[in-house]
Amino acid sequence: MELHTLYRLLFRHYGPQHWWPAESPYEMMVGAILTQNTAWANVKKAIANFGEKLTPAFVTEISDGELEEIIRPSGFFRQKAARLKTLTGWYARYRYDIETARAQGTDTLRMELLALKGVGRETADSILLYALQKPVFVIDAYTRRVFARLGFAVPSEYEVFRRFFEENLPRDPALYNEYHALIVRHAATVCRKRPDCADCPFAPSCPGARNDD
DNA sequence: CGCCAGGGCCATA
DNA sequence: TATGGCCATGGC
1 MELHTLYRLL
11 FRHYGPQHWW
21 PAESPYEMMV
31 GAILTQNTAW
41 ANVKKAIANF
51 GEKLTPAFVT
61 EISDGELEEI
71 IRPSGFFRQK
81 AARLKTLTGW
91 YARYRYDIET
101 ARAQGTDTLR
111 MELLALKGVG
121 RETADSILLY
131 ALQKPVFVID
141 AYTRRVFARL
151 GFAVPSEYEV
161 FRRFFEENLP
171 RDPALYNEYH
181 ALIVRHAATV
191 CRKRPDCADC
201 PFAPSCPGAR
211 NDD
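Mapping the first sequence onto the UniProt record's numbering, position 162 (from 1) lands on 162, and the numbers just tick up by one.
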């Protein structure tokens, strides 16, 4: 089954997902840090704790301790507070302006993000795609799980798996955006809770095997 | 109760 | 390259 065919099945089944759920590019970046190995419900609590003050200036100015208390519900709050400071420091290079950052080349932006302590491949790629609208396909645990279950030989190397998507799909950020969102929607809110896969959009292609992660 | 969630860093072999 | 320990909260 081709990648784009699987995308159409997901889209037909779940419809548009309107990702990333954030009111600004900066809020999106913050969410990318906070959601590291963390349920989104906890991230929402942390983001809500910012109130109307979720801005680069605010995060830069408050103390580490205060920031930690705000994001506490998202877990790993000490390291994540430090990571937010680091990421915001990077954003300052572009005067906290998403269009200024976006004018920079994708490869350069990716290298800069990966150089930050606390920003790994998935976080970097999420920011590149969802905040900067760059054509980068995001790989996460759900992507591996879903495609392993579909019978794909999922590469152990992140970059290899990412290239697989980017080389077999049109170079379209909007498509990558929707595709990844649909994978998460499928894996996190339906497939996981219904092992019987009675209403699986991939049926009968998806064997529904559980020994895949 | 235990399990685990939209990772990443670091030490170790 | 590939594991394993660690970080922490909250929903189920």
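We treat Cβ as the ideally placed atom computed from N, Cα and C, and that holds for glycine.
Under the rule that 16 or more other beta-carbon atoms within 10 Å means buried, what is alanine 81, buried or exposed?
In the first sequence, residue 81 corresponds to position 81, counting from 1. So alanine 81 counts as buried.
Could you check where the alpha helix (DSSP H) with arginine 110 kicks off and where it finishes?
On the first sequence, position 110 is the one that residue 110 refers to. Counted as a single uninterrupted DSSP element, the alpha helix (DSSP H) harbouring arginine 110 occupies residues 106–115.
With 16 other Cβ atoms within 10 Å as the buried cut-off, status of arginine 95:
Indexing the first sequence from 1 puts residue 95 at position 95. Arginine 95 should be labelled exposed.
Are the stretch 174–186 and the stretch 1–11 touching, with three or more C-beta to C-beta distances below 8 Å?
The stretch 174–186 is in contact with the stretch 1–11.
Mapping the DSSP letters down to three states, classify valine 154 as helix, strand or coil.
By 1-based counting over the first sequence, the position of residue 154 is 154. Note: valine 154 maps to coil in three-state DSSP.
Mind the definition here: the stretch 70–89 touches the stretch 29–49 only if three or more C-beta pairs lie below 8 Å; say whether that holds.
Below 8 Å, enough C-beta pairs join the stretch 70–89 and the stretch 29–49 to call them touching: three or more.
Unbroken alpha helix (DSSP H) run spanning glutamine 79, endpoints:
Translated into the one-based positions of the first sequence, residue 79 becomes position 79. Its alpha helix (DSSP H) spans residues 77–92.
CB of leucine 128 within 8 Å of CB of threonine 106, strictly:
For the purposes of this step, residue 128 is taken as residue 128 along the first sequence, with counting starting at 1. For the purposes of this step, residue 106 is taken as residue 106 along the first sequence, with counting starting at 1. Going by C-beta atoms, leucine 128 is nearer than 8 Å to threonine 106.
With DSSP collapsed to three states, give me the class of valine 119.
If you number the first sequence from 1, residue 119 lands on position 119. In this structure, valine 119 counts as coil in the three-state DSSP scheme.
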